[in-house]
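**Q** Have a look at this one.
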Amino acid sequence: MPYSDSDSDGQQTGPGAQASVARTPVAPAAVKILIAGGFGVGKTTMVGSVSEIPPLHTEEQLTVAGLGVDDLDGVEQKTTTTVALDFGRITVSGRLVLYLFGTPGQERFWFMWNDLVHGALGAVVLADTRRLESSFASIDFFESRGVPFVVGVNCFHGVRDRTVAEIRDALDLDPRVPVVMGDLRERGDSRDLLLALVNRLMAGRPPAAIGG
Amino acid sequence: MRHWADASPDDDDAEEGLVRAYTITHGRTASARDDLTLITVIATVAPAERAGDRSLQPEHRTILRQCRTPVALAEVAAGLNLPVAVTKILVGDLITLDRVTARPPLAVAVGQEPDMTLLQAVKDALLRL
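Sequences listed follow chains A and B, in order.
Start counting the first sequence at 2; every next residue gets the next number (my numbering).
Start counting the second sequence at 576; every next residue gets the next number (my numbering).
Have a look at this one:
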């Protein structure tokens with residue numbers, strides 16, 4: 002199935018641009034990439050720098066059963082938590098739209114939003130060199146789920162106080178996981194991070210243990 | 576906190592929070608459809624306005640207007656300023672009425688062979704940014 006606009010059906014100016022008011026528009030298909038990482042690490046900044054629309058916001062209420070709650074009386078407690086979401090859009094062609102989803106702030110339960118995690122092409126984990134530990138949870142999560150990811154190190158004003166090797170070592174990363182430094186306020190840097198992810202996806206997985 | 580009676584009719588903020596989400600959905604808290612996702616693309620079926628639309632909720636009509644240009648369900652939720660679960664219920668109503676179509680996201684499964692055509696298209700789009 003082609004996703005480029007090589008055909009000339011006039012669907013070229015945005016997701017589902019309409020040929021005419023009277024016709025039912027042809028809906029493009031959508032894919033998504035997740036932007037994860039600790040609090041204040043630049044997730045929404047990155048979404049904003051590459052999105053063709055100002056970042057949009059929505060939320061979902063999730064029921065959290067007995068998670069992180071001290072169980073004093075043996076009765077399972079349920080609490081409701083609101084998980085927020087900032088997202089942006091990149092139109093690939095009239096047939097395909099890419100959405101970028103980031104959870105702003107420190108969302109402890111974002112991974113319970115199955116709809117958010119399920120079916121993502123891959124993920125970008127953002128890290129701040131001053132508190133790399135805030136990215137551990139996201140890295141562990143994507144590793145355990147087998148979701149391909151890249152690590153982006155947000156360097157405001159070009160400050161690079163750690164080398165890629167130091168960061169890779171501190172995060173105990175698989176050597177195949179790309180680490181990209183950049184200023185996420187810059188569209189070009191955020192784009193390069195997404196390109197690193199797409200390149201990793203195109204490289205695919207190494208063949209499973211031969212003869213195993 | 577402000578008393579509800581203090582809100583003037585032309586106050587932009589008055590709309591928000593005055594009507595509980597479960598009122599909009601007639602008490603329903605879960606969509607009858609479990610196939611709607613954040614990136615299911617919703618498109619209004621032409622014509623967008625028809626006789627009998629007055630029986631629809633204002634939120635339904637907002638969706639019909641918004642999805643004349645197809646957008647993902649997450650964008651619909653953001654436009655309505657309602658939680659995703661509530662938006663799914665409302666979109667589900669419109670699907671049942673054949674007023675909108677829903678295009679499921681492309682299947683992407685962990686461990687599956689990557690779709691090179693798709694990835695190349697995404698890469699080309701990023702390079703154009």
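Every residue gets a Cβ at the ideal spot worked out from N, C-alpha and C, and that includes glycine.
1. Which residues of chain B have a Cβ atom closer than 8 angstroms to the Cβ of G1/A, listed in chain order?
2. Tell me the rounded alpha-carbon separation between V181/A and M203/A.
3. Taking the beta carbon of F157/A as the centre, do at least 16 other beta carbons fall within 10 Å, making it buried, or is it exposed?
4. Work out the CA separation of H58/A and G183/A for me, nearest whole Å.
5. Taking contact to mean at least 3 C-beta pairs separated by less than 8 angstroms, is the region 131 to 149 of chain A in contact with the region 86 to 106 of chain A?
6. For R24/A, which option in T644/B, T598/B and L702/B has the closest C-alpha, if you only look at C-alpha atoms?
7. Round the Cβ separation of V151/A and R201/A to the nearest angstrom and send it over; I've been treating them as touching at under 8 angstroms.
8. Can you grab the Cα-Cα spacing for the pair E53/A / T46/A, in whole Å?
9. For L113/A, go through chain B and note every residue whose CB falls closer than 9 angstroms to its CB, in chain order.
10. Should P584/B be flagged as near chain A, meaning a C-beta pair shorter than 8 angstroms?
11. Please identify the residue among V661/B, G654/B, D609/B and A647/B whose C-alpha is closest to the C-alpha of T598/B.
12. Between M203/A and chain B, is any beta-carbon pair separated by less than 8 angstroms?
13. For E650/B, count the other beta carbons within 10 Å of its own beta carbon; 16 or more makes it buried, fewer makes it exposed. Which is it?
14. Which of helix, strand or coil does DSSP assign to A20/A?
15. Closer than 7 angstroms by beta-carbon distance: list the chain B residues that pair up with V51/A, in chain order.
16. Pull the bridge partners of D87/A from the DSSP assignment, please.
**A** Working from what's here:
1. The structure shown does not extend to residue 1/A, since chain A spans only 2 to 213, so no value can be given for it.
2. 17 angstroms
3. exposed
4. 25 angstroms
5. no
6. Comparing Cα-Cα distances from R24/A to each of T644/B, T598/B and L702/B, the minimum goes to T644/B.
7. 6 angstroms
8. 13 angstroms
9. It is worth fixing the name first, because residue 113/A is Met in this sequence and not Leu. Going along chain B, no residue has its Cβ under 9 angstroms from M113/A, so there is no contact; the nearest lies around 13 angstroms.
10. Because the pLDDT of P584/B is 45, which lies under 50, any placement of that residue in the model is unreliable, and the number read from its coordinates should be weighed accordingly. With 8 angstroms as the cut-off, P584/B does not count as an interface residue toward chain A.
11. V661/B
12. yes
13. Under the 10 Å beta carbon count, E650/B is surrounded by 16 or more other beta carbons and is classified as buried.
14. Summary for A20/A: the model assigns pLDDT 42, below 50, so the residue's position carries little reliability; its value from the coordinates is reported in the next sentence. In the structure shown, A20/A sits in coil (DSSP, three-state: anything other than H, G, I, E or B).
15. Chain order gives the chain B residues near V51/A as L704, where near means a beta carbon separation below 7 angstroms.
16. H58/A and G103/A
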